[in-house]
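A.B. asks: The sequence shown begins at 170 in the numbering used here and counts up by one.
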Amino acid sequence: MLLDSMKVVSFCHVLQGPAATQYLADMGADVIKIEPVAGERARRWLGADMGDISGLYICANRNKKLFSVDLKSPEGREVVLSLIENADVVVENYRNGVMDRLGLSYEDIKKRKPDIIYARGTGWGSAGPMVERASQDLIIQARVGLVSATGSDRANPRAVGSAVVDQHAGALLAMGIVSAYVKKLNTGKGTLVEGSLFASGIDLQTEPLTVYLSSKPGIDVLDRNDHLATWYHQAPYGIYEMKDGHVAVSTNPVAKMADALDSDELRELADAHPNRDRDRIAEVFAQVLKTRTIAELGAAFDAADIWWGKVQNFDELAEDPQAKALEVFREVTIKDFPATLVNHPIRYDGKVPELRVTGYDIGTHTRDILAANGYDEATIDDLIARGVVNGPARDEDEPVVALRSAN
Numbered sequence: 170m171l172l173d174s175m176k177v178v179s180f181c182h183v184l185q186g187p188a189a190t191q192y193l194a195d196m197g198a199d200v201i202k203i204e205p206v207a208g209e210r211a212r213r214w215l216g217a218d219m220g221d222i223s224g225l226y227i228c229a230n231r232n233k234k235l236f237s238v239d240l241k242s243p244e245g246r247e248v249v250l251s252l253i254e255n256a257d258v259v260v261e262n263y264r265n266g267v268m269d270r271l272g273l274s275y276e277d278i279k280k281r282k283p284d285i286i287y288a289r290g291t292g293w294g295s296a297g298p299m300v301e302r303a304s305q306d307l308i309i310q311a312r313v314g315l316v317s318a319t320g321s322d323r324a325n326p327r328a329v330g331s332a333v334v335d336q337h338a339g340a341l342l343a344m345g346i347v348s349a350y351v352k353k354l355n356t357g358k359g360t361l362v363e364g365s366l367f368a369s370g371i372d373l374q375t376e377p378l379t380v381y382l383s384s385k386p387g388i389d390v391l392d393r394n395d396h397l398a399t400w401y402h403q404a405p406y407g408i409y410e411m412k413d414g415h416v417a418v419s420t421n422p423v424a425k426m427a428d429a430l431d432s433d434e435l436r437e438l439a440d441a442h443p444n445r446d447r448d449r450i451a452e453v454f455a456q457v458l459k460t461r462t463i464a465e466l467g468a469a470f471d472a473a474d475i476w477w478g479k480v481q482n483f484d485e486l487a488e489d490p491q492a493k494a495l496e497v498f499r500e501v502t503i504k505d506f507p508a509t510l511v512n513h514p515i516r517y518d519g520k521v522p523e524l525r526v527t528g529y530d531i532g533t534h535t536r537d538i539l540a541a542n543g544y545d546e547a548t549i550d551d552l553i554a555r556g557v558v559n560g561p562a563r564d565e566d567e568p569v570v571a572l573r574s575a576n
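1. Grab me the residues of Arg-212's own chain with a C-beta within less than 7 angstroms of its C-beta, minus the 5 sequence neighbours each way, in chain order.
2. Would a C-beta distance cut-off of 8 angstroms place Phe-180 and Met-268 closer than the cut-off?
3. Would you kindly work out how many angstroms separate the C-alpha atoms of Thr-527 and Ala-343, rounded to a whole number?
4. For the beta strand (DSSP E) containing Ser-237, list its first residue and its last residue.
5. Taking the alpha carbon of Asn-512 as the reference point, which residue from Val-200, Ala-332, Asn-230 and Arg-312 has its own alpha carbon closest?
6. Does the stretch 325-342 touch the stretch 366-383, meaning 3 or more C-beta pairs lie closer than 8 angstroms?
7. Tell me the residue span of the alpha helix (DSSP H) that contains Ala-548.
8. Does the beta-carbon distance from Ile-148 to Lys-282 come in below 8 angstroms?
9. Mind checking whether Ile-531 and Gly-208 have CB atoms under 8 angstroms apart?
10. When you compare only the Cα positions, how much space is there between Trp-477 and Glu-410?
11. How far does the beta strand (DSSP E) with Tyr-409 in it extend, from its first residue to its last?
12. Apply the 10 Å Cβ neighbour rule to Thr-548 and answer buried if 16 or more other Cβ atoms are within range, or exposed otherwise.
13. Is it true that the stretch 455-468 meets the stretch 483-496, where meeting means three or more beta-carbon pairs spaced less than 8 angstroms apart?
14. Taking the alpha-carbon of Gly-297 as reference, which of Thr-399, Ser-242, Ala-439 and Asn-265 has the nearest alpha-carbon?
15. Count the other C-beta atoms from every protein chain shown that fall within 10 angstroms of the C-beta of Tyr-287, then say buried if there are 16 or more, exposed otherwise.
16. Among Leu-539, Arg-516, Lys-352 and Ile-203, which one has its Cα closest to the Cα of Val-497?
17. Suppose the cutoff is 8 angstroms on Cβ atoms and the five residues either side in sequence are ignored; what does the same chain contact list for Gly-330 look like?
18. Using the C-alpha atoms, what's the distance from Leu-235 back to Ala-540?
19. Apply the 10 Å Cβ neighbour rule to Val-238 and answer buried if 16 or more other Cβ atoms are within range, or exposed otherwise.
20. Give me the Cα-Cα distance between Lys-412 and Ile-503, rounded to the nearest whole angstrom.
In structure tokens, the structure reads:
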């Protein structure tokens, strides 16, 4: 794979950081996920759980090796530092100050590993009045204007129905890490890479923010007909009810749609301005579509090369032939529980990246990782027995070698 020479130690939890490191792991990087002895909190996230593990955890921890350690223990911290000495990248998305208190800050690690790539994914960034505040996807959606712009009425703002900021922030952080890795391969030098939910939530809205802040139309422009998806696209860009479901219709000339649907009501709007008269166009268009079926609309619009699409739910998406053709879902078994994962979104040489590393129990790979880094079995047994690390019990048939310090 593309990144099979990259070694990553990840101190990430919940979604932003785990998403970033999952992208890297899918692309071939050797990612060690550091968790507390009791596991990270996303494992216990309330909501739609699968068996005894949460969907939030399994959605972003594919292809990672799981290492469980007590970071508050000086000995545990030293074990982790020995892993970092053999790594290219450290990634963390704790609140500001946490890694400093653990003795694992960028400056701390640079003393042991001068060429380290140290990537931080925070909520609010590294400067400004909000840096000490906790953050979460929904809070960021609200702060950056996304909730306001998604609602069609400023009196009724509406959140996006997914943790889109977390996921986008993870992708941006992964992009920054890959860029820093290219620099390291070329120069031998490390980099401090910093991403934030706040900046990512703004980047997610590059188009509307550029339009709004440049044209300065005034905040009233956000108030619009309920059918319109955004405030800045030309009508009828939005979601409309049919006799048998809903459809999304993109920006299309009203006259062209009127001819396709043979609608006199729409023909009367042929000279209407698609921006200034957007609400009137959307309302008339909605009334026309209510009398048609999706099949009728599809046949008419396809013949006229008009952009449209059926609104599908998750059950329909799972059976979508396009999703199957692109292999976007992967069926797996996790602790005897059948689960469906969303695959890596990019194909390389025509193929979806493989699922190379499996295991979801706390510390699944702790023993193997320590052994690969020079710890003998007796030392590993001792570390597990004293709670410095957490991992599976040793096979009773394996011989115990003399206790010694790791290299």
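Just so it is clear, CB atoms sit at the ideal spot from N, CA and C, and this is done for glycine as well. Quick caveat, the model's predicted, so the values are computed rather than measured.
C.D. replies: Short version:
1. Ile-222, Ser-223 and Tyr-226
2. yes
3. 21 angstroms
4. 233-238
5. Asn-230
6. yes
7. The sequence shown places Thr at residue 548, rather than the Ala named in the question. Element bounds for Thr-548: 546-554.
8. A query on residue 148 cannot be resolved here, the shown segment of the chain reaching from 170 to 576 and no further.
9. yes
10. 13 angstroms
11. 407-411
12. Thr-548 counts as buried, since no fewer than 16 other beta carbons sit within 10 angstroms of its beta carbon.
13. no
14. Asn-265
15. buried
16. Arg-516
17. Excluding the 5 residues flanking it on each side, Gly-330 has no same chain C-beta neighbour closer than 8 angstroms.
18. 14 angstroms
19. buried
20. 41 angstroms
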